[in-house]
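Q: Quick one: the structure is below, questions incoming.
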Amino acid sequence: MALDDYFVQKIGRGKPLLFFPAAGFGGLEGLNIAEMLQEEFESHLIDLPGLGRSKGLDYRRVTTREIADWVKRYLDFNHFQKVTIAGHSMGGFIALAFAYHYPECIEHLILLDHGHKKISLKADVGFFSIVFSLINVMEKFMGRRLHQFLHSFFMTDGAEEPLTQEILQKKTQEFCEKMKIEEGPYIALAIKEQGSLDSDITAIPLMLCFSRTNVLKLFHQLSVPTLEIYGTFKGIDDKEAKRTEKWVRKKPSKSFIQYFEVDAGHYVHWATESPLKEIARFLNVSEDHTQPPTTTTLLSQS
1 MALDDYFVQK
11 IGRGKPLLFF
21 PAAGFGGLEG
31 LNIAEMLQEE
41 FESHLIDLPG
51 LGRSKGLDYR
61 RVTTREIADW
71 VKRYLDFNHF
81 QKVTIAGHSM
91 GGFIALAFAY
101 HYPECIEHLI
111 LLDHGHKKIS
121 LKADVGFFSI
131 VFSLINVMEK
141 FMGRRLHQFL
151 HSFFMTDGAE
161 EPLTQEILQK
171 KTQEFCEKMK
181 IEEGPYIALA
191 IKEQGSLDSD
201 ITAIPLMLCF
211 SRTNVLKLFH
221 QLSVPTLEIY
231 GTFKGIDDKE
241 AKRTEKWVRK
251 KPSKSFIQYF
261 EVDAGHYVHW
271 ATESPLKEIA
281 RFLNVSEDHT
291 QPPTTTTLLS
301 QS
C-alpha cells in the first residue's frame, strides 16, 4: 500500500488529528470539527477504505487487526509517532480498532456515538440479523467468492441523476428531517460529497467485520485518553433511547474515559446542542484558539 491509496483532505496547521467518517460519507463529514481546531491541529479527513475514495482492504477476511494496521501505515507514511484520532459510527469503529491495537500511538481518542453500546443487528434489521450471522460463517469458507456475490447483489452500480442545487437541497432536507437535525452548510457539503464516493468489493469484508465485532469489549479494554460523545435519542427514537440508557448505565468508570451526552440522535457532531466546545476542552484548546465554522478553505488535498 502507498500513501496515494488514502484519500485525504487536510485542514489547519499543527498537531495531527485523523478523522474517519460514517459509512456513506466522505472525510468532509468531519469538516466542522477540523475548522474549529485549525489553529492548533492539522486535521486529516480520510475516506473509509473501500467505502469511499481510499483503496480498500483486500483480504479474504478482515479483522480489527487489519483495520488498525491500515491506519498505522498512514502514520508511518507521514512519520507520525502519535496522533489524536476521531471517528463517527463506522469511522468510530476504525478509530476504536486502532486505539485498541496501537494504544502507544494515541494522544487522544474521540468517539462520536460509537463504542458505548453493542451494535445490535437484531434491533436494526430484525430477522435479517440471522442472515448476517450466516453470511459471517460462510465468509470463513468462501472468502472472495462470497464478497463478489454480495457486492453484485447489494451494490450494483446505477446511473445517478446530476446533483443540481435543487436536488442537493431536497436531499439535505430529507436527511435532516429523518435524523431530526437542523439543516446547515456542513451537512449539505457532506451530502454533496457523497456523489463522488464509490464502493468496491473490498467494502464487503470491512462491513462484515463491523457487523460481527463486539465493539463494547474493545471499548471496555481501552487504555488511552478517550472522549465518548453519544446521543440520547430521546424524542427521536424511543426504542434506541431505551437501548442507549441501558448501556450507559453499564459504562466503564475509568479516569481516562470522559462521557458527553447530547440530546440528539446518531449524528451528534451536527446536533443543535453542539459538542464542539467539549471536544476543544478535551483537547486542551482554549476558546481563543478555536475558530467559528466557515466551510471555506481546504488547505491541501491528496
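Anchor point for the sequence shown: position 104 equals 104 in full-length UniProt numbering, and the numbering is continuous, going up by one each time. Think of the CB as a built atom: it goes at the ideal place given N, C-alpha and C, for glycine as much as any other residue. Just so you know, these numbers come straight off a predicted model, no measurement behind them.
1) What would DSSP say about Ile279, mapped onto helix, strand or coil?
2) Any idea what DSSP makes of Tyr186, helix, strand or coil?
3) Using the beta-carbon count (16 or more within 10 Å), is Asp4 buried or exposed?
4) I'd like the list of long-range same chain contacts for Gly56, defined as Cβ closer than 8 Å, with 5 residues on each side in sequence excluded.
5) Determine whether the beta carbon atoms of His116 and Glu273 lie at a separation below 8 Å.
6) What's the C-alpha gap between Lys15 and Arg243?
7) Between the segment 81-92 and the segment 15-31, do at least 3 Cβ pairs fall closer than 8 Å?
8) Between the segment 210-226 and the segment 96-112, are three or more C-beta pairs nearer than 8 Å?
9) Would you decide whether Gly235 is buried or exposed? Buried here means 16 or more other CB atoms lie within 10 Å of its CB.
10) Are the CB atoms of Thr213 and Thr64 within a distance shorter than 8 Å?
11) Pick from Ser211, Trp247, Lys277, Pro275: whose alpha carbon is nearest that of Phe93?
12) Compute the Euclidean distance between the alpha carbons of Ala34 and Thr290, then round it to the nearest angstrom.
13) Take the Cβ of Glu42 as the centre, count every other Cβ of all protein chains shown within 10 Å, and call the residue buried at 16 or more, exposed below.
14) In three-state terms, what does DSSP make of residue 323?
15) Give the secondary structure of Ser196 by DSSP, where H, G and I count as helix, E and B as strand, and everything else as coil.
16) Using the three-state DSSP reduction, which class does Tyr100 fall into: helix, strand or coil?
17) Taking Cβ positions, are Glu183 and Gln173 nearer each other than 8 Å?
18) Taking the alpha carbon of residue 304 as the point to measure from, which residue in Lys170, Leu17, Lys180 has its own alpha carbon closest?
A: Concretely, from the data shown:
1) helix
2) helix
3) exposed
4) Pro49, Gly50, Asp200, Ile201, Thr202, Ala203, Leu206
5) no
6) 36 Å
7) yes
8) yes
9) exposed
10) yes
11) Ser211
12) 10 Å
13) buried
14) Because the chain is modelled from 1 through 302, residue 323 falls outside the range shown and cannot be assessed.
15) helix
16) helix
17) yes
18) This structure cannot settle anything about residue 304, because the visible part of the chain is limited to 1 through 302.
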